[in-house]
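Peer 1:
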Amino acid sequence: MSEMFCFQCEQTAKGTGCTVSGVCGKKPNVAHEQDELTCEMIGLAACSDGRAEHVDLLVDGLFVTITNVNFDEGKVAAYAAKIQAAREEMGGELPLSTEVLFHGDDNEISLRSTLLLGLRGMAAYAHHARVLGKREPEVDAWFVKGMAALADEHSVDEWLALLMEFGGINLKCMELLDAANTGAYGNPIPSVVSMNIEKGPFIVVTGHDLHDLKMLLEQSEGKGVNIYTHSEMLPAHGYPGLEKYRHLKGNFGTAWQNQQKEFDGIPAPILFTTNCIMPVKSSYADRVYTTSVVAYPEMKHIAADVGGHKDFSGLIEHAIKLGGYSEDVQMKGVNGGTTVTTGYGRQTVLDNAPAIIDAVKDGAIKHFFLVGGCDGAKPGRNYYTDFVKQSPKDTVVLTLACGKYRINDLDVGSIGPFPRILDMGQCNDAYGAIQVAIALAGAFDCGVNDLPLTLVLSWYEQKAVCILLTLLSLGIKNIYIGPSIPAFFSDAVLNTLVEKFDLHPISTPEQDLAAILGK
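By the count of the working numbering, the sequence shown reaches residue 1878 at its end, each step adding exactly one.
(1) Alpha helix (DSSP H) containing Gly1376: first to last residue?
(2) Straight-line CA distance for Gly1834 to Phe1860?
(3) What distance in whole Å lies between the Cβ atoms of Thr1613 and Gly1566, which are believed to be in contact at a cut-off of 8 Å?
(4) Only counting runs of 3 or more residues, tell me where the beta strand (DSSP E) segments fall wholly within the region 1487-1570, in order along the chain.
(5) Could you tell me the distance, in whole angstroms, from the CA atom of Lys1680 to the CA atom of Leu1674?
(6) To which residues of the same chain is Ser1672 closer than 8 Å at the C-beta, ignoring the five residues directly before and after it?
(7) Enumerated in chain order, which unbroken segments of the beta strand (DSSP E) with a length of 3 residues or greater are wholly contained in the region 1631-1656?
(8) What does the alpha-carbon distance come out to for the pair Phe1728 and Ala1440?
(9) Helix or strand or just coil, what does DSSP make of Asn1585?
(10) Buried or exposed, going by whether 16 or more other CB atoms sit within 10 Å of the CB of His1589?
(11) What's the gap between the Cα of Glu1512 and the Cα of Leu1519?
(12) What residue from Arg1740, His1570 and Pro1811 has the CA that sits closest to Ala1718's CA?
(13) Candidates Phe1847, Tyr1598, Cys1635 and Ile1865: which alpha carbon is nearest Gly1477's?
(14) If distances are taken between C-alpha atoms only, which option among Gly1877, Phe1777 and Cys1733 comes closest to Leu1827?
(15) Does the beta-carbon distance from Leu1475 to Leu1509 come in below 8 Å?
(16) Are the beta-carbon atoms belonging to Gly1702 and Pro1549 less than 8 Å from one another?
(17) Grab the span of the alpha helix (DSSP H) containing Thr1829 for me, first residue to last.
(18) Ala1823: which of Asp1871, Arg1779, Met1783 and Gly1762 sits nearest, CA to CA?
(19) As a quick exercise: from Lys1603, Asn1610 and Asn1585, pick the residue whose alpha carbon is nearest that of Glu1591.
(20) What are the uninterrupted segments assigned as beta strand (DSSP E) that are 3 or more residues long and contained completely in the region 1757-1845, given in chain order?
(21) On a Cα-Cα basis, can you pick out the residue from Asn1585, Val1564 and His1606 that is closest to Val1647?
(22) Would you kindly work out how many angstroms separate the C-alpha atoms of Cys1383 and Ala1723, rounded to a whole number?
(23) Terminal residues of the continuous alpha helix (DSSP H) containing Phe1366?
(24) Counting Cβ pairs, one atom from each stretch, are 3 or more of them under 8 Å apart for the region 1707-1715 and the region 1773-1782?
(25) Looking at C-beta atoms only, is the number of pairs between the region 1556-1563 and the region 1856-1873 that lie closer than 8 Å three or more?
(26) What are the boundary residues of the beta strand (DSSP E) that includes Leu1729?
(27) Is the region 1482-1501 touching the region 1432-1450 in the sense that three or more CB pairs, one from each, lie closer than 8 Å?
(28) Just confirm the distance between the C-beta atoms of Ile1562 and Ala1627, as a whole number of angstroms; I'd bet it's less than 8 Å.
(29) To the nearest angstrom, how far is the alpha carbon of Lys1752 from that of Val1459?
(30) I'd like to know if the region 1788-1802 and the region 1734-1748 are in contact, where contact means that at least 3 CB-CB pairs between them fall below 8 Å.
(31) Buried or exposed, going by whether 16 or more other CB atoms sit within 10 Å of the CB of Gly1450?
(32) Skipping 5 residues on each side, what residues in its chain have a beta carbon closer than 8 Å to that of Ser1883?
(33) What are the partner residues of Gln1689, as DSSP defines its beta bridges?
(34) Answer with buried or exposed for Cys1368, where buried requires no fewer than 16 other C-beta atoms within 10 angstroms of its C-beta.
(35) Quick one: grab the DSSP three-state call for Asn1711.
(36) Contact defined as beta carbons within less than 8 Å: I believe His1570 pairs with Val1490. What is the distance between those atoms, to the nearest angstrom?
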């Protein structure tokens, strides 16, 4: 028997699964605890009456098991213990054991895992909405329904129906988070973000949780400490309610997979609000702070009080003590750029829809690409940079999530008043991209699949899974996905998705552009 089994992320060993230790850094003991936690959640869902406390336990537990979120065996076990207590209080049993969770019939495991991993991704979105006071009963109910369904046997058609139903629910969850973020901070507006790190004390904030960033900005205001976003926190600069803080200065570095190099010897603390945290190097270990469901052994953790407030005073004092750089440091993007632009959210793009539609009708814009998703460390991701570099000058590239760092410092010109690369935000802002596509389809009186629009997605972790299922549930076809096909797709499941939805593994930029544009 292998020491562990995990195949939930794109970089999984040999493209089939991690069995000795996780490529992400997850050790077998943590993998076992996460499997125990997952089975406990299935057990709780199977006996739950749907009360909010149970949903919160499921959401937190699912979030904990996302790749690069929690490496602390004890804390994962503590989540499992809380869920076990809730299950036992309801008189529930464990309908599924860790021995069979990822073992059995290939297609059954594939379809069950796809739903489980999608639920993990959706849990992150529900968690972010919840801390901003937003819930949706139908979404809450589906966490219980979906997790309980994992314990039962289903035909392939029944599994596919569940996956499509889930995709529709995840769209509602992303809509909920969109409303929470824009309600709290306003609609994003275009913002040019510097990558220059000014001398003096500073804090780097990474992850996705805008609420954590807002609390830190409030508490650090007037303290002489600058705040810099990192990786998926970059879109914060587009929100008026966050950008108004003058000490939110710019963006530090690039995507998550470069953190061990970019944080090496950093004279400032780093706050991890969500994934992705990588195994921490000694050169900055004493400067790492985690919060929420994020944890790493021996790292400092900032918990919320019963009212949801977090005290960041120790973090701020640490930044002042470290002092920051003695001179300004100019960081650069993947392609050598010194600034990046974000803030082309749903509303900004829709407000400019008449001009965009005219540009299409006039022939100035011939095609739209959505090039984005999760970034990662595995070779092959330069495809996305090369794809955009080679895309014709009469095309527009929408991008989102941390995959944007492959292209967001490129200068590929403009079409009229619009830069050819439009950063729509975080991974959950796929909701905004979907709304833009639907609006364009309405304007041209056609279906989304009839638009001059192609989705070219990069994936790494489980939020990409729930987004893919949402796109498929909407009937969107002809999606290109890479850099590799998920290991949890069995051959039969992959063939079904290819036949039903015209899903394409990426090949080369040249071949794919030729196929897409008919050249």
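Even for Gly, the Cβ is constructed at its ideal location relative to N, Cα and C.
Peer 2: Considering the structure as presented:
(1) Segment: none, Gly1376 is in no alpha helix (DSSP H) and carries neither H nor E.
(2) 7 Å
(3) Rounded, the Cβ-Cβ distance is 15 Å, inconsistent with contact.
(4) 1550-1553 and 1561-1565
(5) 10 Å
(6) Gln1578
(7) 1647-1650
(8) 45 Å
(9) strand
(10) buried
(11) 13 Å
(12) Pro1811
(13) Phe1847
(14) Cys1733
(15) yes
(16) yes
(17) Gln1821 to Ser1832
(18) Gly1762
(19) Asn1610
(20) 1780-1782, 1812-1817 and 1839-1841
(21) Val1564
(22) 44 Å
(23) No alpha helix (DSSP H) holds Phe1366; DSSP gives it neither H nor E.
(24) yes
(25) no
(26) His1726 to Gly1732
(27) no
(28) 6 Å
(29) 52 Å
(30) no
(31) exposed
(32) Since the first and last residues shown for the chain are 1360 and 1878, residue 1883 lies out of range.
(33) Asn1555
(34) buried
(35) coil
(36) 5 Å
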